[in-house]
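A quick write-up on the structure given underneath.
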Amino acid sequence: MLAMNYRGPFRIRIDHDKPYPEIKHPNDAIVRVTRSCICGSDLHLYHGLVPDTRVGSTFGHEFTGIVEEVGSSVEKLKTGDHVLVPFNIACGVCSFCRQELYGNCHESNPEATAVGGIFGYSHTAGGYDGGQAEYVRVPYADVGPMIIPDWMDPEDAVLLTDVIPTGYQSAEMGGIQPGDTVIIFGAGPIGIIAAKCSWLFGAGRVVVIDQYDYRLEFVKNYAQCEVRNFRELRDPVVFAKQTTDSLGADVCIDAVGCEAAGNAVETLLGRKIPMQGGSTTALHWAINSVKKGGIVSVVGVYGPIDSLAPVGNIVNKGITIRANQASVKRLLPRLVEHVRSGVLNPKEIITHRLPLEELPEAYHMFSSKLDNCIKTVLIPPKAAS
Ligand SMILES: NC(=O)c1ccc[n+]([C@@H]2O[C@H](COP(=O)([O-])OP(=O)(O)OC[C@H]3O[C@@H](n4cnc5c(N)ncnc54)[C@H](O)[C@@H]3O)[C@@H](O)[C@H]2O)c1
Ligand SMILES: [Zn+2]
Ligand SMILES: [Zn+2]
């Protein structure tokens, strides 16, 4: 089958002869992919920043597909169902899943102490192959996949597997109170949805900071928020203070993660040498821009290796930090309702629709932020709808 093949940092290709996945456990399903996306998290893999990303692995944790085959114990799915598959692989019954911490499932990635299993996200996240392929094996098929309602556009469905829940959860974790000022670092798909969702929690003011004008222009229109290009600011932290009567924002959201730009030393230590698990520039800015007693919500991804953070400011300002991988299954019921009612319009952030065969070019475009790229959907040749 067609599948993405990782060969090393910045080197990926499409293979035509990857063996078809097989049922390995009675609760597995095999899904024929109808759509998959490229996530900002895939860029951390592509750039070689995630440990134990093995040559030959297939990325892709945002996908929809048609159930092709089910294992003998699968009860909720049958051949022919069109499903969206959350990026978290979760058993549904361990103590973490019972708390709805589906991103922290202990069974799907038992050798790790932090994250649970994730499709196509290196052996640190369980070593599962992902959905940038024609077919994919979906473990715990009775737990994660959701049958796509008839009324839902498949392009909305594929964005419910990651981007929409992650952006929503970043606002939720911010504990936004009515009238709060929220500053969001990052105007990628996650920051864009974080901005949109901040209003749902009652924000009074939403400001998004990035370095790309085309993304800032997009989020300004999509989420009706204020925007600032940090390349044009002397210091984003000084800006944050000046624009909030010197106090700082009530809530700051890090929607950037380990590849943050804006500080040469961080870039050197976190991305070039690297001596820590990524550049923490956006995290520093978020911690230093929030008011005393405020909340910093972190959904930007950082690797398992330690990174420096300004802990003195966290303690002395009394900041609460909330962070996690999004718990997609927990959020789906309310997000499906928001899509049905028109409160959220996920597919509007899609800028590119490309055949799966063009995946190497699609990664290059997204990585280098070419052609005003925000979100790319890959369509396998056999996609039925
Ligand atoms: N926690 C989760 O469940 C989860 C899920 C999906 C994505 N993520 C993570 O969220 C982050 C964003 O994902 P995305 O798809 O939007 O990625 P993206 O690469 O499209 O966007 C990141 C944006 O951050 C901007 N940026 C870089 N440095 C910055 C800085 N110092 N201040 C402000 N903006 C800066 C970049 O210009 C870019 O526009 C990534 O780290 C990704 O891994 C987390
Ligand atoms: Zn993702
Ligand atoms: Zn579990």
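Heads up: the sequence shown runs through residues 86 to 470, numbered per this note's numbering. Cβ coordinates follow ideal geometry from the N, Cα and C atoms, glycine included.
Considering only heavy atoms of ligand 3, list every residue whose Cβ is less than 7 angstroms from one of them, following chain order.
Listed by chain position, these are A175, C176, G177, V178, C179, F181, C182, C190, H191, E192, S193, G201.
Nearest-angstrom Cα distance between T209 and E219?
When rounded, the distance between both Cα atoms is 24 angstroms.
If you check the beta carbons only, do G355 and I275 fall under 9 angstroms apart?
Against a cut-off of 9 angstroms, the Cβ pair of I275 and G355 comes out as no contact.
Could you check if S470 is buried or exposed, using at least 16 other CB atoms within 10 Å of its CB as the buried criterion?
For S470, the pLDDT reaches just 48, beneath the cut-off of 50, and the residue's location in the model is therefore unreliable, although a value from the coordinates is still provided. Classification of S470: exposed, given that the 10 Å Cβ count is below 16.
Helix, strand or coil, according to DSSP, for R425 in the structure here?
Of the three classes helix, strand and coil, the one that applies to R425 here is helix, per DSSP.
For A181, is the classification buried or exposed, using 16 other Cβ atoms within 10 angstroms of its Cβ as the cut-off for buried?
According to the sequence as given, residue 181 is Phe; it is not Ala. Counting Cβ neighbours within 10 Å, F181 comes out buried, since at least 16 surround it.
How long is the line joining the alpha carbons of A197 and H191, rounded to whole angstroms?
Each residue's Cα considered, the two are about 8 angstroms apart.
On the three-state DSSP scale, how would you describe L318?
Correct three-state label for L318: coil.
Would you grab the beta carbon distance between G188 and V200 for me? Rounded to a whole angstrom, and I think it's under 8 angstroms.
So it is a contact: roughly 7 angstroms between Cβ atoms.
Report yes or no: do the region 338-356 and the region 254-273 share at least 3 C-beta pairs separated by less than 8 angstroms?
The answer is yes - the region 254-273 touches the region 338-356, with three or more Cβ pairs under 8 angstroms.
Is D298 near ligand 1, in the sense that its beta carbon is under 8 angstroms from a heavy atom of that ligand?
Not so, every heavy atom of ligand 1 lies at least 8 angstroms from the Cβ.
Under the three-state reduction of DSSP, which class applies to P501: helix, strand or coil?
Lying before the first or after the last residue shown, residue 501 is absent from the chain, which here runs from 86 to 470.
On the DSSP letters alone, give me the boundaries of the beta strand (DSSP E) that G378 sits inside.
Per DSSP, G378 belongs to the beta strand (DSSP E) from 375-383.
For the alpha helix (DSSP H) containing T352, list its first residue and its last residue.
Taken as a continuous stretch (DSSP letters only), the alpha helix (DSSP H) holding T352 covers 349-352.
Rounded to a whole number of angstroms, what is the C-alpha to C-alpha distance between N194 and T328?
Approximately 44 angstroms between the Cα atoms of the pair.
Who are the near neighbours of A394 in its chain, counting only those whose CB is closer than 8 angstroms to its CB and skipping five residues on each side?
Contacts found: T365, L368, H369, I372.
Whole-angstrom Cβ separation of L455 and Q217, contact assumed at under 8 angstroms?
At roughly 19 angstroms, the Cβ-Cβ gap does not stay under 8 angstroms, so L455 and Q217 are not in contact.
Does the region 288-299 come close enough to the region 260-272 that 3 or more CB-CB pairs lie under 8 angstroms?
Judged by Cβ distances under 8 angstroms, the region 260-272 makes contact with the region 288-299, as three or more pairs qualify.
So what does DSSP say about F95, is it helix, strand or coil?
Coil, per DSSP.
Please name the residue, chosen from P466, R300, V428, R117, that lies closest to L439 on a Cα-to-Cα basis.
Among P466, R300, V428, R117, the Cα nearest to that of L439 belongs to P466.
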